[in-house]
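Numbering-wise (this note's numbering), the sequence shown opens with residue 36 and increments by one. So the structure is just underneath, and the comments pick up after that.
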Amino acid sequence: MSALVAAAPYPVEVLPADPQRAAACLAALEITTRSWLGAVVANSGGLLIDHGWLRVLGGGHDGLPDVAAKMVPGAGRLVVAFDVMGGQFAWLQAEPGVRPTVHYFGPEDLAWQDLELEYGDWLEEMLAGALTGFYERAVRRSLSWSAVESRT
């Protein structure tokens with residue numbers, strides 16, 4: 036993860052991890068540090084990507100909840116990130132027997148959009164530069180990109 040953060044084309048702030056809080060979060064999620072999500076939880080309080088445009092949840096930090104706190108029991112949905120537009124990224128299983136993928140719920144269409152990426156692939160793409168293109172496509176329907184940038 037640290038190599039991806041260092042190579043990101045925009046600023047990425049890795050919030051410090053609280054080992055006790057991270058351990059509790061890992062236990063609540065029943066995951067290990069061998070998974071991408073587990074690595075983010077164990078090694079960070081969260082990630083602030085592109086000046087906080089995207090806030091990826093980790094083990095929790097002041098003002099940023101941990102991933103387990105955003106678990107939606109029974110819905111099969113785990114919120115993994117928020118953006119400044121009011122959107123949410125959630126890791127969820129769209130149907131039984133299918134691997135979970137990251138979905139986006141944005142304020143422009145108020146519906147879950149399957150990004151067809153597993154958590155690790157989604158995080159790699161966001162850290163590798165796909166963030167800007169994602170939002171350019173997402174807001175093109177209703178707002179100009181420059182108007183969105185000026186509002187935030």
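Beta carbons: idealized from backbone N, C-alpha and C, even for Gly. This structure is a prediction, so every number in the text was calculated from the model and none was measured.
Next item on the list: Throw me the rounded Cβ distance for the G31 and A43 pair, which I believe falls under 8 Å.
Entry: Lying outside 36 to 187, the shown extent of the chain, residue 31 is not represented and no answer is given.
Next item on the list: Would you kindly work out how many angstroms separate the C-alpha atoms of S177 and L89, rounded to a whole number?
Entry: Counted from its first residue, the sequence shown places residue 177 at position 142. Counted from its first residue, the sequence shown places residue 89 at position 54. For S177, the pLDDT reaches just 46, beneath the cut-off of 50, and the residue's location in the model is therefore unreliable, although a value from the coordinates is still provided. C-alpha separation (whole angstroms): 20 Å.
Notebook entry, point to check: When DSSP builds the beta bridges, which residues end up paired with Q148?
Noted result: Locating residue 148 in the sequence shown gives position 113, where the first residue counts as 1. Paired residues: Y139.
Check: Where do the N-terminal and C-terminal ends of the beta strand (DSSP E) with Q123 fall, by residue?
Finding: Residue 123 sits at position 88 when you count from the first residue of the sequence shown. Per DSSP, Q123 is one residue of the beta strand (DSSP E) stretching across Q123 to L127.
Next item on the list: With a 10 Å radius around its C-beta and 16 neighbouring C-beta atoms as the bar for buried, classify S37 as buried or exposed.
Entry: On the sequence shown, position 2 is the one that residue 37 refers to. With fewer than 16 other Cβ atoms within 10 Å, it is exposed.
Item checked: Exposed unless 16 or more other CB atoms sit within 10 angstroms - verdict on L72 -> Locating residue 72 in the sequence shown gives position 37, counting from the first residue. Buried.
Check: Considering V115, what are the terminal residues of the beta strand (DSSP E) in which it resides?
Finding: Start at 1 with the first residue of the sequence shown, and residue 115 comes out as number 80. Its beta strand (DSSP E) spans residues R112 to D118.
Next item on the list: In the DSSP assignment, find the alpha helix (DSSP H) that holds L89 and state where it starts and stops.
Entry: Residue 89 sits at position 54 when you count from the first residue of the sequence shown. Looking at the DSSP string, L89 is not in any alpha helix (DSSP H); the run it does join, the beta strand (DSSP E), is L89 to L92.
Next item on the list: Leaving out five residues on either side along the sequence, give the residues of the same chain with a beta carbon under 7 Å from the beta carbon of A77.
Entry: Translated into the one-based positions of the sequence shown, residue 77 becomes position 42. So the qualifying residues of the chain are A52, A57, L61, T68 and G94.
Item checked: DSSP state of E48 mapped onto helix, strand, coil -> Counted from its first residue, the sequence shown places residue 48 at position 13. In this structure, DSSP gives E48 an extended state, which the three-state scheme calls strand.
Note to self: Give me, in chain order, the residues of the same chain whose beta-carbon lies closer than 7 Å to that of E159; leave out the 5 immediate sequence neighbours on both sides.
What the structure shows: One-based indexing of the sequence shown puts residue 159 at position 124. Exclusion of the five residues before and after E159 leaves L39 as the residues of its chain whose Cβ lies within less than 7 Å of its Cβ.
Item checked: L127 beta carbon less than 9 Å from that of A110 -> In the sequence shown, counting from the first residue as 1, residue 110 sits at position 75. In the sequence shown, counting from the first residue as 1, residue 127 sits at position 92. Between A110 and L127, the CB-CB gap stays under 9 Å.
Next item on the list: Taking only the alpha-carbon atoms, compute the straight-line gap between M264 and Y170 and give it to the nearest angstrom.
Entry: Past the boundaries of the shown model lies residue 264; the chain is included only from 36 to 187, so the question cannot be answered.
Check: DSSP three-state call for G155: helix, strand or coil?
Finding: Numbered from 1 along the sequence shown, position 120 holds the residue referred to as residue 155. The answer is helix: DSSP assigns G155 an H, G or I state.
Note to self: Do A116 and V91 count as a contact pair if the criterion is CB distance below 9 Å?
What the structure shows: Residue 91 sits at position 56 when you count from the first residue of the sequence shown. Residue 116 sits at position 81 when you count from the first residue of the sequence shown. Contact: yes.
Check: From A104 to A165, what distance separates their C-alpha atoms?
Finding: If you number the sequence shown from 1, residue 104 lands on position 69. If you number the sequence shown from 1, residue 165 lands on position 130. CA-to-CA, the gap between A104 and A165 works out to about 27 Å.
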